[in-house]
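Please read the structure below before turning to the comments.
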Amino acid sequence: MDDFIQAFEDRLHEIESYLNLLELLEQQVQNGLPRIGEDGPTITVQQQRILYSSVYLQLYNLIESTVTRCLDAVCTSVINNWKPGELSIAMRREWVRYTARTHIELNPEKRLESALELCEHLVQASQVSQLKIEKGGGNWDDRAIKDISDRLGLSLRISPEIYSGVNRPFRDEQGPLAYIKSLRNKLAHGSLSFAECGENITVSELRDLTERTTLYLQEVVNCFKLSIDAHEFLLPERRPEGAQV
263 MDDFIQAFED RLHEIESYLN LLELLEQQVQ NGLPRIGEDG PTITVQQQRI LYSSVYLQLY
323 NLIESTVTRC LDAVCTSVIN NWKPGELSIA MRREWVRYTA RTHIELNPEK RLESALELCE
383 HLVQASQVSQ LKIEKGGGNW DDRAIKDISD RLGLSLRISP EIYSGVNRPF RDEQGPLAYI
443 KSLRNKLAHG SLSFAECGEN ITVSELRDLT ERTTLYLQEV VNCFKLSIDA HEFLLPERRP
503 EGAQV
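Okay, here's the thing in structure tokens:
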């Protein structure tokens, strides 16, 4: 997962660079509307709010990409390394869900093809050759991350300090990730404009939101790495010697 961790840090650096830009803009506003260049056009309040609202989209992008890469890392650890019978009960359910396509509407012929593919794997006692964890989309927050971790039978042990920070209300009685998810969905569905989204917020508050969110995501990444290293996706008796949970 080293490449994944580097990708996470790169995205975080992008957000921090953007916050630095907003901070400079906010400082200039104290002396009147800022300009683009010495004699260029001014940046209006509406434009400033639109710029602020983009932080929520960047943070949601970071949340979803983190979840996606964590799940992909689990699949990579399973594929071509282990047989279905060696997988934990929870992970075996995911493999059956994916192979038999139980979550997809299929006509009888396609349903039969999926069932035969599953049967062939079991008859041949082949290693898992394909796996993708169905995750849905558009609704990722700390509760959803905990739910999918539990669904996969993987440990998600968040430190008390970080857990407190991610559950402490940021706005509208919502924690950081829930608030980001809410605004992202409102923007995506058109029920909130970008200018409205960026109202009544300061760069300092956006930094607090970013810090609480990223500290939580960093622990999520570490928990998934520990779970993979401990082979929690396997039955306890099939885990390599020395693997610890």
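In my numbering, the protein residues as written are 263 to 507. The C-beta atom is built at its ideal place from N, Cα and C for all residues, glycine as well.
query	result
Candidates Gly452, Tyr314, Ser417 and Gly460, of which the one nearest leucine 281 by Cα	Tyr314
Assumed close pair arginine 311, alanine 457 - CB separation to whole angstroms, cut-off 8 Å	5 Å
Closest Cα partner of tryptophan 357 within the set Tyr425, Ser391 and Thr472	Ser391
Rounded Cβ spacing between cysteine 337 and lysine 408 (contact assumed at less than 8 Å)	That pair is no contact at about 20 Å.
Any 3 or more C-beta pairs closer than 8 Å across the stretch 421 to 431 and the stretch 486 to 499	no
Three-state secondary structure assigned by DSSP to arginine 419	coil
Burial state of glutamate 494, where buried means 16 or more other Cβ atoms lie within 10 Å	buried
Cβ-based neighbour list, threonine 306, same chain, cut-off 8 Å, excluding 5 preceding and 5 following	Leu295
Selected residue, minimal CA-CA separation from phenylalanine 476, among Ala335, Val329, Asp265 and Val291	One point to set straight first is that residue 476 is threonine, not phenylalanine, in the sequence displayed. Out of Ala335, Val329, Asp265 and Val291, Val329 has the C-alpha closest to the C-alpha of threonine 476.
DSSP-derived helix/strand/coil call for leucine 393	coil
Supposed contact pair leucine 321 and isoleucine 267 - C-beta distance, whole angstroms, cut 8 Å	The pair is not a contact, with the Cβ atoms about 18 Å apart (cut-off 8 Å).
Alpha-carbon spacing of serine 350 relative to valine 340, whole angstroms	11 Å
Close-in-space but distant-in-sequence residues of the same chain around serine 411 (CB under 7 Å, 5 per side omitted)	Leu418
Glycine 427 in three-state terms, based on DSSP	helix
Residues near asparagine 342 by beta carbon distance below 6 Å, same chain, minus five either side	Gln389
Inter-residue Cα distance where the pair is isoleucine 442 and glutamate 375	41 Å
Glutamate 435, buried or exposed, once every other Cβ within 10 Å from all chains shown has been counted against 16	exposed
Counted within 10 angstroms of its Cβ, other Cβ atoms place threonine 464 as buried (16 or more) or exposed	exposed
C-beta atoms of leucine 319 and lysine 397 nearer than 8 Å	no
Burial state of proline 438 (16 or more Cβ within 10 Å)	buried
Rounded straight-line distance, which links the Cα of tryptophan 402 to that of isoleucine 325	7 Å
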